[in-house]
RNA sequence: CUGGCCGUGGCGCAGUUUGGUAGCGCACCGCGUUUGGGACGCGGGGGCCGUGAGUUCAAAUCUCACCGGCCAGACCA
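Residue numbers (the working numbering): 56 to 696.
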């Protein structure tokens, strides 16, 4: 984008909102001028665009003629802001090789370009140079007369100004609501968080505010996961936010793993505390302390506890939902009489609670497997995990289940008397899923139109949209909503007809509601409504009678299709390799499967230099290996969040 | 913590090089016309210019320090 030496870059900003940072956009210092155009879509912007296209084409021709065919690069970029923009920001950057002549006017260097009246090279300031009149006046000398345009401007606009000729630049044809994923995935993620009203940054660094729509999705996750945890026999309890610092220090590996990210309270009640208390980063220690009290006999085992709570880990780099200083989660803690029992329970949680929820409800085809020693939880003897692939091919750990061996039981004295009358030490587990799953949901199914929520998760599965309240549309929509609700579907009525249809339709798309039903007077006279699938965009007219009873099947279809699409994408981006170099290469775009025997801890360390980690180790059949040294296992490696 | 970019109404950004009246688009409010894919006209409201010192007659603009955000790392759910 930055021109060769001696070059000149012309930046033309066709945004309907005026120039926006073209200087930095092109790297600075080389631009000769900026045309900013205020106005509205369908108005002068379109006319200007036509002229500017001709103008740019003119430059191309002119430079070819004048410079003996020397090449000239014409680039087009689309950029978007986050505001509620009706049009994309389109910046055309023309890189002029040396000198350009247009309409007999030679433009040799910066500063000499006549079409911007501003003194500076940073682009016109809004009031001074952005006005259309200024543009006309200034551009006349450069562009030459543009009779067509002037004619258009003077004449009263025809009734439909938006039907002006075809737009030749696709980038201007349709304004993206969000930064496209392909342009900048992290930016897209931020845009979705804001525009789907999911979450905001909190005032303290690394914290987040979960907005009602986002929290509604989390509540649905909680409900589904909680039901499965209870099915697995665990009961909910609640332990304190504050933990004595001394608890943490009892388990050596645990304290080493968590110390750097602890938030510690040293003062309270106006004075310094005798012993500082830490804000829990996880609750193995307090819960261990109380398990020790509650477990006496083998009859007390297994003790299966869970709590829904917030925890705090002072992370160095945070990102909403994926890694925040404070997050919400569920942490299960269990104590068992035998290692085999603990081990089986940790696996049961992974498969029956986590994988089942993620695959069946979130429609995310997660991989399950063991973590390497390197990736293991601090204090665990074995860590199992669910790993999902995001839309950009990177991995996200969605949930973990740990076997803690007797590490915690020993230091917290979780002992029991066996049937034989012996004192025995318990075997414990811990397992959790967090608000991070929200990030996984967004990045797994989301597209350039926003979030896509699988029907089984959706807090609103169907939205019924009143296009305009005429000819009984409102009443028909209300009746339809009642009918749909009677089918047990979570349905929302949108009758805010003081907001235009298009805006509301776009908003529900951003929020990812699986099915939109549009009720308008035109369809209604035929007894029909329009239904639109969020995932495919498929839109059709259907009879209003019988729609409600068809919806459960439609929602099931969407659920299945989302899982199939995510699975297909994951598989397409997963490569089976045999060497470390191949794995490194494959992990640039997705997952690589490599025999653990071919990788090993040395290979793991090697890949780590390129930010590639072993996500999990699987048996050849994709299941969880029975032991650390099971032969023939496969390591799945990837870049990860 | 390291490197890069960046902090100006709710959001996105001009303005800083060369100190001198704080601006634009979107969003918001009112009225009217609209509503089948982010409507339009007219009229409005809203800003300790991230914070603190310093230089100056004068600081969004110059200097220093600090804080915060984004991206890439190290750490991790």
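Ideal placement from N, C-alpha and C gives every residue a C-beta, glycine not left out.
Check	Outcome
Would residue 438 pass as a contact of residue 339 if the rule is Cβ separation under 9 Å?	no
If you count every other CB in all the chains shown that lies within 10 Å of the CB of residue 322, and 16 or more means buried, which is it?	exposed
Taking the beta carbon of residue 351 as the centre, do at least 16 other beta carbons fall within 10 Å, making it buried, or is it exposed?	exposed
Sort out for me which residues DSSP pairs residue 598 with in a bridge.	583
In three-state DSSP terms, what is residue 693?	strand
Any contact of the region 576-583 with the region 511-529, i.e. 3+ C-beta pairs under 8 Å?	yes
Which same chain residues end up closer than 6 Å to residue 654 when comparing Cβ atoms and leaving out the 5 residues on each side of it in sequence?	690
So who's on the other strand from residue 457, going by DSSP bridges?	438 and 485
Just to confirm my understanding: we take residue 687, look at its own chain, exclude 5 residues before and 5 after, and list those with CB closer than 6 Å. What are they?	675
Taking only three categories from DSSP, how would you classify residue 263?	strand
What are the boundary residues of the alpha helix (DSSP H) that includes residue 538?	528-541
Answer yes or no: do residue 435 and residue 460 have a C-beta to C-beta separation smaller than 9 Å?	yes
I need the straight-line Cα distance from residue 364 to residue 661, nearest angstrom please.	37 Å
Taking Cβ positions, are residue 344 and residue 367 nearer each other than 9 Å?	no
Please list, in chain order, all residues of the same chain as residue 414 whose beta carbon is under 8 Å from its beta carbon, the five residues on each side excluded.	420, 421 and 618
Which full runs of the alpha helix (DSSP H) of 4+ residues lie inside the region 267-343, going along the chain?	267-286, 300-303 and 307-313
Report yes if the C-beta distance between residue 253 and residue 376 is below 9 Å; otherwise report no.	yes
In the DSSP output, what is residue 444 paired with across the bridge?	450
Identify which residue in 283, 480 and 266 has its Cα closest to the Cα of residue 356.	480
Within a Cβ cutoff of 6 Å, which residues of the same chain sit near residue 116, ignoring the five residues on either side of it in sequence?	Residue confidence is low: residue 116 scores 46 on pLDDT, short of 50, so the model does not pin down where it sits. Its coordinate-derived value is still stated next. Counting only Cβ-Cβ distances below 6 Å, and skipping sequence neighbours, we find nothing.
Would you call residue 494 buried or exposed, if buried means 16 or more other Cβ atoms sit within 10 Å of its Cβ?	buried
Does the distance from the CB of residue 624 to the CB of residue 444 come in under 9 Å?	yes
Would you give the residue range spanned by the alpha helix (DSSP H) that residue 414 belongs to?	411-415
When burial is assigned at 16 or more other CB atoms within 10 Å of the CB, is residue 409 buried or exposed?	buried
Note down, in chain order, each residue of its chain lying with its Cβ closer than 8 Å to the Cβ of residue 250, except the 5 sequence neighbours on either side.	137, 232, 233, 505 and 565
According to DSSP, simplified to helix, strand and coil, what is residue 404?	helix
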